Every structure is written in C-alpha cells, then in structure tokens.
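Chains as they are written, first to last, in numbering that gives the first Met the number 0: chain W, 0 to 478; chain R, 0 to 480; chain B, 0 to 98.
No residue lacks a Cβ here, since even glycine has one placed at the ideal position from N, Cα and C.
Treat the numbers as computed from the prediction; the structure is a model and nothing was measured.
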Amino acid sequence: MSVADYEPVIGLEIHVQLGTRTKMFCGCELSFGDEPNVHTCAVCLGLPGALPVTNARAVHYGIMIGLALGCDVAEHSQFHRKNYFYPDLSKGYQISQYDVPLCRGGRLGDVRIHRVHLEEDAAKLVHVGRSGRIHGSDRSVVDFNRGGTPLVEIVTEPDLHSASDAREWLGLLRTTLRALGVSDVDMSQGSLRCDANVSIRPRGSDVLGTKTELKNMNSFRFLHDGVLAEIQRQADLLDAGEQVVQETLHFDPVSGRLTPLRSKEEAHDYRYFPEPDLVPLVATPEMLEAARAALPELPAARAGRFERELGLSAERARELAFRAELADYYEAVLGSDGGAVDPVAVANWIPQLVERIGSETDPANSQVSPSSFASLVELVSARRISRDAGRQVLSTLVAEGGEPEAIVAREGLAAVSGEDSGLAEIVAGAIAAEPDAAEKVRGGNEKALGPLVGHVMRETKGRADGGEVRRLILSQLGL
Amino acid sequence: MTAEMLELTATQAAAAVRSGELDAGELFEVYRARAAEDSLNAFTWVADQVPASPKAAGTELGGVPVAVKDLFCTEGVPSQAGSRILEGYRPPYTATVVQKLADGGAPLLGKTNQDEFAMGSSNENSGFGPVLNPWDRTRVPGGSSGGSAAAVAAGMAPWAIGTDTGGSIRQPAALCGIVGMKPTYGACSRFGMIAFASSLDQAGPLARDVSDCALLLRHMVGHDRRDSTSLEFPEQIALPSAGDLKGIRLGVPEELVGAEGGVDPGVRKNFDETVALAERLGATVEPCRLPHAPHALSAYYLIAPAEASANLARFDGVRYGLRVDGSAGLGEMYSQTRSAGFGAEVKRRIMLGTYALSSGYYDAYYGTALKVRTKIADDFREAFSRFDFVVTPTSPWTAFELGAKLDDPLAMYLNDFCTVPMPLAGIPAISIPSGLSDGLPVGFQLAGPAFSENRLLEAAFALEQSIGFDGSPARRSGGEA
Amino acid sequence: MLSREQVQHVARLARLELTEEELDRMASELSKVLDHIEKIRELDLDGVEPTSHVIEVVNVLRPDEPEPSLPLEVALASAPEPVAGGFGVPSPGAGADPS
Ligand SMILES: [Mg+2]
Ligand SMILES: [Zn+2]
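Here it is as structure tokens:
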C-alpha cells in the first residue's frame, strides 16, 4: 500500500510556560536569558527542609486556559509527586498532577482536549564536553534558573489526521493562548513545546495502530516535518510486513531522520503519590468567576462574528481572526471612519497590506494608519481611483505613510473619466492606432478588445476605469 | 552558683533573668561548657560562644538557650540530619521554628544527635555514633530525637526541640525520664525541617517538666506562609496550673496496653499505678476501643517510608552533600553516592517505600495504608466523643541495651506500637515520666483531639505534681563520664 | 517473600547500589517486615476514603510577588562540582530520556 492508503492518527501533548512573574512554588522571578543560577532559592534548588507554596496566578491562568478550551474545571484537584532521577530535577521528583487534573474534557476547533494540568518545569542541562573537573569524563552543567517555572500541560485526544492539520491546529492553540495573555507562547524560546503521538491505520479501519512519541518538536515546521517523516516511516514498516514498536523518537530537523531515545535500562515507574507538602486545590465560584471575567473574545468566536455580522467569507474571517494583530487592525480600520467604509472591501484589501509589510509585521506598527487605510478603500469603492492606482497608493503609504487623497493628487492618480476628462479622445486615438483589432471587434470578436483597452491604459497610466473604457470603445465603434 | 543554676527549670531560669537575679550570658556559658564536655555523644555541634546579642531580659524565654535536633536547618551551622550524606552541610537559611525561638529569647546552644533522617527508635542509626542514656550508659536513649532527650535529662541543655513522626519525641523522652510533646499536625511550621515523612512530621519540645514544655511550645506554634500545611493555633499556649483531674474522662485502649503490644510487666505495673493515681486525682477511667490501632504500625511503616523514598531523592550528589564520583557515568554517580551516604536503616526504608509505591503494588500497600489511616482517625474521633484523653504507656519497654535490637528491624519497629497511631490521625500527645522500673524511667502518654494541647498540658501538670518524679540522678551523672 | 530480582529492581528505581550479601539481607529483612504488614490487607476497607492529608485546609496560595533569590555564590556554596556558574555532573548518556 502507499502512504496514502493509511490514515494517520495524531494526538498532541503541549507544554506551555505561563507568563507569571514568579515560579510555580517559590518567589524566584522567571528568567529570560540571565546568567546561570541567579534565579534560585532553597525551594527551587530542592535544599533540605524547603517547602513549596503554590503561585495563585498560575492557578488563575490554568483555570482561564481550561475555560477557554471549554473544559470542566475540577472543583477539587490535587498535586502529585512524579518520581525520577535526573540532574535537571532538583528534588528527585516533579510536582505535577496525576489522577485529578485541574481541567478535563473540552475542545478547540475540531480537536477534543483530554486534560489540562499544572506542573513545574525542569532546569536546563548544558553539555560542556570533556572539559569537566574530572579528566576525560564527559560533563554537563545544570542551570536552575528555569527550574520551577510554571507549566500548563495540555493533552489532546488523537483527533488530528495529517501533519499539516497538526501544524494548523497548534497555530490556533497558540493564537488562543496569546489572546488569553497567559504566555508569550514562543516556540523558539521554549515557552511553547510540543510532543506528538503518532500512529497509522489502513483507511476505513477503526482500530488504533501502535503509537510512537515524537519529543520536542520545537517549531511549527519541525512538528510538520517530523510527523510527516514518522507517518512515512511507519507506512514503510507496515508495508515491509514489520511491526511499529512503541518508543520515543527524536526528530533531527537537519537530517530529517528520527532516532529512538535510549530509554533507561529499567522501565519507567514514576511512583506517583499525593504531594503531602501541598493541600488540595478547590476551584471556588470566586476563582471561576475571576477567570471567566479575564477571558477576552477568542479567535474562533471572533471569526464567527466577522462572518455573521460583517458578511466576510468563512476563510477570510479565519484568516483575520486567527491572527489577532490582523483582526485588531481590521477592526481599527472599520472604527476609524464611523463605519462608513464597506467591511468586506476592507477585509479584501488587508492581504494587499500584509503582502507589502510582510506576514511577520503587525500592521499597527506600519506607516499605514487605520484611517488612511479606510480612506484608501473608500477611494477605490467610489471609483475615484482605479484598483491599480489603489495598489500604487498603498505601496506609497507603506513606504512613507501620508494621506491617500494627497498622494493621489501629488502623483496624479485620479481616475480618468467623465465628459471633460479627454478619455473619449484617447479612445478614438486607440481605435485609430489599432485598426485590425477595431475591425475584429466590429466583426463581433470581443477578445480583440484587449489591445484597444491596453492602449488606453498605457495612455492613462492605468488611471482609467476598465469598464468605462470598454463602454466608450464599443459605442465609438457603433456597437 | 553553677549547681543551683542547673537545678533551676528553664521557666525558673527565664524568670530569674527577667527579674535581673540571673545573668543570661552566665547561664548560657554554664550550659555551653557542659554541652562542650558532652560524654553521651548527644551533641553534633555546640556554639563556641554566647551569641552576640542574647536579647535576654526583654524576652519571655529570657535568653535560656535551647538545644536543637540536627535536622532543623540553622544558617551557617552544620545541619546534617544525622547522616553522612550531609556531613558538614551548612544551610543558607534557618528553620522557622528555630527562628521563632531565637526571637522569643532562646538562643541556639547546639545541634543534637539523632537517628539518621529521624529513622529509628534507639539513636543507634546516627551516622555520627550512638547516644548514651544518662540513666545507664550501656543503654539507648530512644530515638529519633535521642540527643535532645539525653541532653535535657543530663542537664546539658535547659530544654530542647525535636521532631516526632511515629514517636520520635515521646519515646526518647520516656526512656530518658523527661517530658516530650508531639503537637497537632500543622501547629508548628515544618519549613526548614529536613523531611522524613511530610504528612506525619511535627516539631515539638523536650523539657525537664510540663511547665517548661508549655512555655517552649508557646513560642513554637503559629502559622507560617512558607509551609502550606501549617495552621494558626486557635489560642495561646497557657502555663498549666491544674491541681487535680476532676471531671476528666480517661480512656484506656486495650488494643495498645494489652498483650498485643508486648508491654513489659514493669512498664504495665507502673502504668496501672499511674492510672490509679489519676483516679485519686478525680479522673474517671474506663476502657475504650481503638479497633484499628493494632494496624497503625503497619500503615505507618508503609506511609512513612513511601514519603521518605521521595523526600530523600534530593540527596543525589548534584547540589550539596556527599558525592562519590569516579569517572563513571551519571547513573553510577547517583547509586554510588547514595549507597555510600545512607546508612542501613535509611536504605531499608527507602527500599520499603519505593516498593510500596511501585507499579502493581501501590493499591495493595500504600493505597491500603491510606485507608487504614482513615479508620484510625475515625477510631480516635469516636473515642473522643466519650473521653477527654486516651492514655497508654509511651513505650512498651524501658531503655534497652545498646545493640539489643539492631539486627531485628521488626522488633525495633515495635518500639513505636503505642506512639504511631496519634501522628497518623494528626492529633497531639504528651509523654511524662511516671516513675522508674528497675531504676529506669517509664513514660506515661496522654493523647487528645486536635488542638487540645492546653488541656493536655493541664492534665499532665496535675499528674506530674502528684507523681513527683525526680530526674536529678541523670543530671548528676550528666556531663561527667 | 521478596525475590532477589524484585529487590534488585527496587534498588535500581531508588538509585541504590547493593552488594550481593546486602541484596540477600535486604530480601529477607523486607520480607519479614512485609509479612507483618500484609495483615492490613485482610481488613475490610471497601468504600473507605484514603487519607493523604490529616488537615482539612484547601487552596493555600501565594501571591505572584517576587522574593529575593540566593546570590550565586551562596547557591553554589555546597556544590560538589561548581563549574561555569552551575552544578557540574557526569553527562547523561546521549539521548537518555528522563521523562
Ligand atoms: Mg508534563
Ligand atoms: Zn526559587
């Protein structure tokens, strides 16, 4: 069978660093590329006798995320200890949640959410090679600045069925989290980290295949390429009559190869048990209300509103709503002229702006003020300038800002039309200059209009309105 | 002067300092000198001078110095929890309870020897050698707070603090003929206490008499924002004054005092005499039932080791403490460090706890133990609906010979038979000396509902007054070898 | 009765290195203790809620306000292998996966 004959089944496990001021269980400030180990204390270093105390804002953010994803917030949840030894884990256990997570269920887009829980991040382990104190042995150095950073872990149901779906959905999740303001969700900085569980099955089958876990797909492209490569690898295995083994794989974006992580000789046994140093979390009506009150309009809802209330097409609505900065600019433009401008026309012009400023730039930071963008769109809608002229004006606005009216006047881009515009003479000139084309048109060959219209446009530097030009040509040819 | 000074209880000494009859610096120096000559191996560290500013006169504790169990973190001072894996470790911070005592006017006299990570009932599990019992140097002082108990009994410290997880304050207090109290869980902050079993550990006083015990406790309790499980104590700890036990209902749980506990005849005899005395003081005494108490030991020896197996995972040779590190890999560094740093009993409990939590066994062991814990708390709730206090011998035996139980862990664990049910239920209990059996002290335990400390201290005080126990022999043998 | 293999497995989980005769002694000692403990499994505990905390308190939360961290030299003061402002350790085997 070819890879196309298999249906991929993909679930994501996402770790989000919360944008609190301090760590999950201690008062150390979060670190942003500081010198190693300058944000540590007895608690996050796991010194003897130190005890954790939960960060209220981290819990608040956790509940906000749960509500935004439509989860049930557990009225009674509990922290557990997840026991394993690793140098980046100061206490020999991670404080996490186990059988009673903060939130359960829910959905975002077409993907169901399995659970959302709170935990603490591990420290950074930096390999320093054979330069350590002990001659000839391979050393690493632990930096505990990141240790104890508040994390929310989001686990989806296996509802994704292609690498690009996975990438697109992660984008929606990131926009949603950014809209919530609970994290800077920057994959390159590790504040948004994604693992993927991948299995495949023959199309039509409803039994799940053996899944593998792809670790730390730390960019949207890696997620896409990694999942794609794994789907192909599994398909090749099955086609060769071999089995997929359940294992954890690391994707090398350079070679595009997937290599198994050597799991330690003894099987994992995390020996979870209730964290005796922390009391249970109870989501009180006050806490739920505070979280609800803090929720902004979420991208999916915003797209729906654009569609319903402003008449945008579904895909144009999402194109704007799923990039908060575009949607914000869009609404600023509509607001800038008392609602006179046509929302659909504005929406259709936004891609022109994005094309000129680049998709990484927030239009709010461009030279083009919402009000000048609005008057540009109005000039075109009112046919006072042609679409081509409109594009020229936009380029000028992006380059140096200013007012569309002024630019049109300065560059003489006003549409050429009406009695005294001399357009009739230019059309006559065109007919004289292109006799063959004129003949064909008389003979009923509409296609032959092309050269004539082109001539007029050249003469008017694109300022004439295409429709009017055709009308004039036909009438002068007596048709 | 020294002799009279030693005969003063801490409460009397504090009063003398406040009234100006006694110089706090002199008092400190007398005890410092005795502690420095310690021949019982009760101290692991002794202050080398009177603290710069013993703010004595102004304070209620009057500059009367306190001996502190090794496992309390004290800034810049060795805090080793009796373990070689922490040999020489000096923490960058001080435990809340120790700080509160210093603020109350009780400066740090020294750190006391203990069973490693508080795991033991004889103090023979210390990485720094066993502590001797001042009543008989061939015998153990009990544990795990054996150094604190021996230091107070021998007059090397006016008073001391320890921790109690399954009896680690009450049992050594009993075996050394002093008063020891385990407060309600949450009454004293655990911040800075090197953890053994987090859901059971409580700090408490070890003192010469009930009044000293009350005064010290008054300055230990209180909510601490650094300990999520600490509670505000609902009332101030009062200094006891009761002269009798009129109207007090005492319950005697057959499950704990009977044959099942293997209570030694001499201890049982002393217990019965003490109960009779209580009746003469006006108490009513009746048998009561604690049906699950006989299973407390089993639940305890699953829950405590399970929590300990995680609490002791941080001793990995990475950030502090011992490291054994050839040029071998990470895994070897971990296992060699931990195997070299931990003593036999600690390894045994880590193994037991790891096993009890491991996949496939959690429900059968740890999970079951948590349910037994619920039943034990229910038993006490039921008992306290009919009785003010439950009374038992503190320990089934008096101080035993050094080495007597070393090669039989289970026999050693049975030391805690009468003391483990209370911490499992989180309730307070006090042990007072109730006389001698074959020349060795016997302890009498009273346990009450959560936050009944004041009533417990009153009852213990009334009993203490009419028992009239004389601890001076141990103080005389005290410092001198 | 715990088998040597079980004891070996548990020791590995706990990162303890036991000599041959330590293994044997541990096996018999733990078995003896477990035999005693086993009794609680005969109790009827159906429908009994487990107790992991003896206090009723819930929601002990800390305001998200910074507190001073330790100076670097204090944080590293007890480190067995301080290097490059951090805690030196033997490198985990390539690709070793903790979680
Ligand atoms: Mg996680
Ligand atoms: Zn910290």
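CB contact below 9 Å: residue i versus chain W
i, result
"H35 of chain B", "no"
"E285 of chain R", "no"
"I193 of chain R", "yes"
"S2 of chain B", "no"
"G203 of chain R", "no"
"V6 of chain B", "no"
"V345 of chain R", "no"
"S197 of chain R", "yes"
"I39 of chain B", "no"
C-beta contact flag for residue i and residue j at 9 Å
i, j, result
"V266 of chain R", "S394 of chain R", "yes"
"P47 of chain W", "I247 of chain R", "no"
"E452 of chain R", "A241 of chain R", "no"
"P64 of chain R", "L107 of chain R", "yes"
"D114 of chain R", "G145 of chain R", "yes"
"D98 of chain W", "Q77 of chain W", "yes"
"A277 of chain R", "F460 of chain R", "no"
"V340 of chain W", "E377 of chain W", "yes"
Cβ of residue i within 9 Å of any chain R Cβ
i, result
"Y97 of chain W", "no"
"K263 of chain W", "A caution first: K263 of chain W carries a pLDDT of 48, below 50, which makes its placement in the model unreliable, though a value can still be read off. Closer than 9 Å: yes."
"A282 of chain W", "no"
7 Å Cβ cut-off: residues of chain R touching residue i
i, result
"R14 of chain B", "Y333, S334, R337"
"N82 of chain W", "A309, A312"
Inter-residue CB distance, residue i and residue j (contact presumed, cutoff 8 Å)
i, j, result
"R192 of chain W", "N215 of chain W", "6 Å"
"L480 of chain W", "L294 of chain W", "There is no way to answer for residue 480 of chain W, as the model of chain W reaches only from 0 to 478."
"T373 of chain R", "E48 of chain B", "6 Å"
Within chain B, partners of residue i - CB distance below 8 Å
i, result
"K374 of chain R", "L42, L44, V47"
"A55 of chain W", "L60, R61, P62, D63"
Beta-carbon neighbours of residue i, restricted to chain R and to distances below 8 Å
i, result
"G357 of chain W", "The premise fails here: G357 of chain W is roughly 46 Å from chain R at the closest Cβ pair, so nothing lies under 8 Å."
Span of the alpha helix (DSSP H), counted from its first residue to its last, around residue i
i, result
"P67 of chain B", "Run containing P67 of chain B: none; DSSP gives neither H nor E here."
"A162 of chain W", "162 to 179"
"K370 of chain R", "367 to 383"
"H223 of chain W", "219 to 238"
"F460 of chain R", "452 to 466"
"Q77 of chain W", "Note, Q77 of chain W: premise wrong, no alpha helix (DSSP H); not H, not E."
"P233 of chain R", "From DSSP, P233 of chain R is part of no alpha helix (DSSP H); its letter is neither H nor E."
"G265 of chain R", "264 to 279"
Residue i: contacting residues in chain W (beta-carbon distance under 9 Å)
i, result
"E100 of chain B", "Shown here, chain B extends from 0 to 98; a query on residue 100 of chain B therefore has no answer."
"S27 of chain B", "What S27 of chain B touches in chain W: nothing, since even the nearest Cβ is about 23 Å away."
"V49 of chain R", "Residues of chain W passing the Cβ test: none, with the nearest at roughly 26 Å."
Below-9 Å beta-carbon distance, residue i vs any chain B residue
i, result
"L44 of chain W", "yes"
"R474 of chain R", "no"
"R385 of chain R", "no"
"G131 of chain W", "Model confidence at G131 of chain W stands at a pLDDT of 48, short of 50, so the residue's coordinates are unreliable; what they give is reported in the following sentence. It does: the Cβ of G131 of chain W has a partner Cβ on chain B nearer than 9 Å."
"F250 of chain W", "no"
"L329 of chain R", "yes"
"A177 of chain R", "For the sequence presented, residue 177 of chain R should be read as Ile rather than Ala. Closer than 9 Å: no."
"C102 of chain W", "no"
"S370 of chain R", "Reading off the sequence, residue 370 of chain R comes out as Lys, not Ser. Closer than 9 Å to some Cβ of chain B, the Cβ of K370 of chain R qualifies, so yes."
"N36 of chain W", "yes"
Run of the beta strand (DSSP E) containing residue i, from where it starts to where it stops
i, result
"P89 of chain B", "85 to 89"
"Q96 of chain W", "92 to 96"
"V178 of chain R", "178 to 181"
"I193 of chain R", "Per DSSP, I193 of chain R belongs to no beta strand (DSSP E) and is neither H nor E."
"Q444 of chain R", "439 to 446"
Proximal residues of chain R, C-beta to C-beta of residue i below 9 Å
i, result
"V52 of chain W", "R224, R225, D226, S227"
"S90 of chain B", "G328, L329"
Chain-ordered neighbours of residue i on chain W, where CB pairs are closer than 7 Å
i, result
"A117 of chain R", "Result: empty, since nearest Cβ-Cβ is about 12 Å, beyond 7 Å."
"E36 of chain R", "Residues of chain W passing the Cβ test: none, with the nearest at roughly 29 Å."
Interface residues of chain B facing residue i [CB-CB closer than 7 Å]
i, result
"P279 of chain W", "V57"
Within chain W, the residues that residue i reaches when beta carbons sit closer than 8 Å
i, result
"C187 of chain R", "The premise fails here: C187 of chain R is roughly 13 Å from chain W at the closest Cβ pair, so nothing lies under 8 Å."
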